[in-house]
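Engineer:
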Amino acid sequence: MTTLYGSKDIVIGMDERVSRVSLFDGPLDLRWHHCATTSDFIADIFALPFRTSRNDYRAVRHNIGYLVNELIENAVKFHEPGEIRVEVAMGTDAFKVKVSNVISSDTAASFQALLAEITVGDPGDLLIERIEANAADPETSGSGLGLLTLMNDYGARLAWIFNPVEDGSRVQVGTFATLPVTLLQQ
1 MTTLYGSKDI VIGMDERVSR VSLFDGPLDL RWHHCATTSD FIADIFALPF RTSRNDYRAV
61 RHNIGYLVNE LIENAVKFHE PGEIRVEVAM GTDAFKVKVS NVISSDTAAS FQALLAEITV
121 GDPGDLLIER IEANAADPET SGSGLGLLTL MNDYGARLAW IFNPVEDGSR VQVGTFATLP
181 VTLLQQ
């Protein structure tokens, strides 16, 4: 059964001209290197239309780079062996990204529990709560701080679709995000 968390309207609409990048398995350090390299490349390309203003270019490049890097890092951190696909597009009103990968059913259950908590309520309040909880227990992982930061500080709208894989032990997850073009320039 397909399960959706977040903003339903953003999972539709990757119909613009989409650029795709696929990352494949390799040594962990190589994958972490690919996160930053891939997000920097995407940010450089999609910030080009804003190059007439140095400040706009830098802000757009930073915001896109931060968003894409956070989503790719999460995919790398939690994925099962296989491809991680990154799809990006710049619409007239927003930058859009979709990151797809396969995770274990156990990881999917934990992630869905987290999403059930962080997709309701005010992202700013939830961010403060999570920061305080992490300070109290430094061993905490998977707290959603990166996702909450994207929602609160960057104005990102996020959604996730979970689809079970035929083998029953894994789940395909698609993470969708949009950043309004006006926010990219701030």
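Numbering follows the UniProt record's numbering, with no gaps: position 169 of the sequence shown is 169. Cβ coordinates follow ideal geometry from the N, Cα and C atoms, glycine included. Because the structure is a prediction, the values reported are computed rather than measured.
Does DSSP classify T178 as helix, strand or coil?
Structural biologist: strand
Engineer: If you drop the 5 nearest sequence neighbours on each side, which residues of the same chain put their C-beta closer than 7 Å to that of H79?
Structural biologist: N101, V102, I103
Engineer: Tell me whether I128 is buried or exposed, calling it buried when 16 or more other Cβ atoms sit within 10 Å of its Cβ.
Structural biologist: exposed
Engineer: Verify whether the separation of the beta carbon atoms of F46 and L179 is less than 8 Å.
Structural biologist: Their beta carbons are not under 8 Å apart, which means F46 does not touch L179 by this criterion.
Engineer: Could you check what DSSP says for G146 in three-state terms: helix, strand or coil?
Structural biologist: Reduced to three states, the DSSP call for G146 is helix.
Engineer: Relative to the C-alpha of M1, which candidate in V171, T107, F176 has its C-alpha closest?
Structural biologist: Restricting attention to V171, T107, F176, the CA atom closest to the CA of M1 is found in V171.
Engineer: Would you tell me roughly how many angstroms separate the C-alpha atoms of S7 and I161, rounded to the nearest one?
Structural biologist: 10 Å
Engineer: Let's see if you can read the secondary structure: which residues bound the alpha helix (DSSP H) around Y57?
Structural biologist: 54–78
Engineer: Is the beta carbon of E87 less than 8 Å from the beta carbon of R20?
Structural biologist: yes
Engineer: Between which two residues does the beta strand (DSSP E) carrying L50 extend?
Structural biologist: At residue 50 the sequence reads Phe, which differs from the Leu that was named. No beta strand (DSSP E) holds F50; DSSP gives it neither H nor E.
Engineer: Mind the definition here: the region 112–131 touches the region 145–163 only if three or more C-beta pairs lie below 8 Å; say whether that holds.
Structural biologist: Segments in contact, yes.
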